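J.: Terminal number for the sequence shown in our numbering: 390, no gaps in between.
Backbone N, C-alpha and C fix where the C-beta goes; we use that ideal spot for every residue, glycine too.
All of these numbers come straight from a predicted model, not from anything done at the bench.
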Amino acid sequence: MIVATESTNLPSDMASADQLLPPPANEPYLPPPKAIWSNDSVAGVDTWRAMSEHMTFAADATGPSIDLEMQKYRDHPHIVTAAAERASIYLPYVTRRLMESDFPPELALLPFLESAYDPHAISTNGAAGLWQIQPRTGDVLGLKRNQWYDGRQDVVRSTDAVIGYFGHLHQLFDGDWLLALAAFNSGEGTVSRAIQRNIQQGKDTDFWALDLPEHTRSYVPRFLALARMFQNPEENQLGLSLLDHSRPLESVTAPKQISLALAAELAEVDYDTLKRLNTGLKRDITPPQGPYEILMPLNAAQRFETALVNASPATMSTAPMHSQPTPIDAAHIKVPAVKARTEGYRVQAGDTLWAIARRFNVSPKALMRWNDIDDPRVLHPGQNLTVSDR
């Protein structure tokens, strides 16, 4: 475990109270949907408690600048509480992914500083999403961007990308999470050069000893102070709702373009819930190329897959509620050739019964009947299907 200690030299320009957390995006705030996260801690493990009990490097952080930031948070606890409420729909997922990856769960607090936990946030210099990823960094991390979709604003994919990036930074800086945090804020090159300068001068190379940009020297203690606030919420007068992070989400494949409105109808889930979970979509419709994975609560995902199997062509051809930017010329769409009904098919990862049925130009119900399938969700990679009437 890395114990954070600090010299008494404070940065000259510490943040004022209104700079503690970035403001939310300029759009109306809607309370988190109750369909996703339970407010009953008995239903699962409370995210705040799990985070507090499993904190690593931030738990022992001490120093004058951390204490100063702590006092600012304590003087304005409503700012932190309001930000925590905004985060409630996404933070349980982010925390769970970090813990599944054996990463410090307190890293889930970083989006408080980056975006006020708003996946729609875009900075003046082009950084976007919960984690405020720059376009070039997003490209390096493999996050796609086009007129339909921005992976930096996709909570699932951006979080996975950031976890991978932190794994790289943690290894690069020999397991020092404070240096990894500093590099996340100012770039690994900036931190590496600062370390080399100190080595040449015979100085220490821990975070507190490095000559780093002012914003980075403030960023790290501000994060550590925030972590300590959440470590002892009652003592710090934070009114936090219980968040159950055991409720799973599931990505389901939509084999063709579909509006979120229709997907919500098929999944029997609130449209706003679906929209909040799929913030990577720039329009309220999936890309035309397909297939596309839509994130839903598990029970809604199961209903969606069943509905796809039973949906009539008329239902699936319903025009989306939101216009597309350019018309799609059907003459240029490549339609897979109809396969002979005596052929078999080996299920691939990501396949759905509905998509396979479309591929072979048969009905999902017929495919289920031919293969004695009772539940369309039981498909698994490697399973052999018969596309021939017995």
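Beta-carbon separation of Ala161 and His170 under 8 Å?
T.: no
J.: Excluding the 5 residues preceding and the 5 following Ile163 in the sequence, name in chain order all residues of the same chain whose CB lies nearer than 7 Å to its CB.
T.: Arg97, Leu98, Ser101, Phe103
J.: Would you kindly work out how many angstroms separate the C-alpha atoms of Ala116 and Met55, rounded to a whole number?
T.: 21 Å
J.: Identify the residues that DSSP records as bridge partners of Ile122: which are they?
T.: Bridge partners of Ile122: Ala128.
J.: When the Cα atoms are used, what is the spatial distance from Met229 to Thr81?
T.: 10 Å
J.: Flag this pair as touching only if the stretch 184-193 and the stretch 203-222 have three or more C-beta atom pairs under 8 Å; answer yes or no.
T.: Contact between the stretch 184-193 and the stretch 203-222 is present, because at least three Cβ pairs lie under 8 Å.
J.: If you draw a straight line from the C-alpha of Glu69 to the C-alpha of Leu141, how long is it?
T.: In this structure, the straight-line span from the alpha carbon of Glu69 to that of Leu141 is close to 32 Å.
J.: Suppose you measure from the CA of Leu210 to the CA of Leu266; what does that come to, to the nearest Å?
T.: One Cα belongs to Leu210, the other to Leu266, and the distance between them is close to 55 Å.
J.: So, with DSSP's three-state summary, where would you put Gly344?
T.: strand
J.: Out of Leu113, Val155, Asp139, state which residue places its alpha-carbon closest to the alpha-carbon of Pro119.
T.: Val155
J.: Going by beta carbon distance, what residues of the same chain come within less than 7 Å of Ile195, once the five residues before and after it are set aside?
T.: By the criterion of a C-beta distance shorter than 7 Å, Ile195 is surrounded in its chain by Thr205, Leu210, once the five residues flanking it on both sides are discounted.
J.: Contact defined as beta carbons within less than 8 Å: I believe Thr95 pairs with Thr47. What is the distance between those atoms, to the nearest angstrom?
T.: Confirmed, about 5 Å.
J.: In three-state terms, what does DSSP make of Leu260?
T.: Looking at Leu260 - three-state DSSP - the assignment turns out to be helix.
J.: Relative to the alpha-carbon of Leu274, which residue among Pro297, Leu172, Pro213, Tyr149 has its alpha-carbon at the smallest distance?
T.: Pro297
J.: Okay, do the stretch 298-305 and the stretch 275-282 touch, 3+ Cβ pairs below 8 Å being the bar?
T.: Taking 8 Å as the limit for Cβ pairs, the verdict is that the stretch 275-282 does not touch the stretch 298-305.
J.: Tell whether a beta-carbon distance below 8 Å holds between Asn384 and Arg346.
T.: The answer is yes: Cβ separation under 8 Å.
J.: Give the DSSP bridge partners of Val395, in chain order.
T.: In the structure as shown, the chain starts at 1 and stops at 390, and residue 395 therefore has no counterpart that could be examined.
J.: Under three-state DSSP, which class holds Met296?
T.: Met296: strand per DSSP, three-state reduction.
J.: My guess is that Leu178 and Phe207 are in contact by the Cβ rule of under 8 Å, so how many angstroms apart are they, rounded?
T.: 4 Å
J.: When the Cα of Pro213 is compared with those of Ser259, Thr190, Leu367, which residue comes out closest?
T.: Thr190
J.: Per the DSSP calculation, Asn424 is bridged to which residue(s)?
T.: The first residue shown for the chain is 1 and the last is 390, placing residue 424 beyond what the model contains.
J.: Quick one: measure Cβ to Cβ for Leu249 and Tyr93, integer angstroms, because I've assumed they're closer than 8 Å.
T.: 6 Å
J.: Can you tell me where the alpha helix (DSSP H) holding Thr81 begins and where it ends?
T.: 77-87
J.: Report the CB separation of Leu109 from Phe223 in whole angstroms; it is logged as a contact under 8 Å.
T.: 7 Å
J.: Got a sec? Which residues, its chain only, sit under 7 Å from Ala127 by beta carbon, not counting five neighbours each side?
T.: If the five residues before and after Ala127 are omitted, its C-beta is found closer than 7 Å to the C-beta atoms of Ile133, Gln134, all from its own chain and listed in chain order.
J.: Residues bridged to Ser251 by DSSP?
T.: Leu295
J.: Could you name each continuous alpha helix (DSSP H) segment of 4 residues or more that falls completely within the stretch 143-183, going from the start of the chain to the end?
T.: 155-172
J.: Does Ile373 come out as helix, strand or coil in the three-state DSSP assignment?
T.: coil
J.: I'd like to know whether the C-beta atoms of Ala254 and Ile294 end up nearer to each other than 8 Å.
T.: Taking C-beta atoms as the reference points, Ala254 and Ile294 count as a pair closer than 8 Å.
J.: Output the distance between the C-alpha atoms of Ala311 and Asp139, rounded to the nearest integer angstrom.
T.: 37 Å
J.: Identify every residue that forms a DSSP beta bridge with Thr386.
T.: Gly344
J.: Given that a residue counts as buried once 16 or more other Cβ atoms are within 10 Å of its Cβ, and exposed if not, what is Gly129?
T.: By the beta-carbon neighbour count (other beta carbons within 10 angstroms, threshold 16), Gly129 is buried.
J.: If you compare alpha carbons, which of Lys72, Phe112, Asp60, Trp148 is closest to Pro288?
T.: Trp148
J.: Write down the C-beta distance between Ala58 and Glu106 rounded to the nearest angstrom, noting that I regard them as a contact closer than 8 Å.
T.: 4 Å
J.: Between the C-alpha atoms of Val362 and Asn371, what's the straight-line distance to the nearest angstrom?
T.: Those two C-alpha atoms are separated by around 13 Å.
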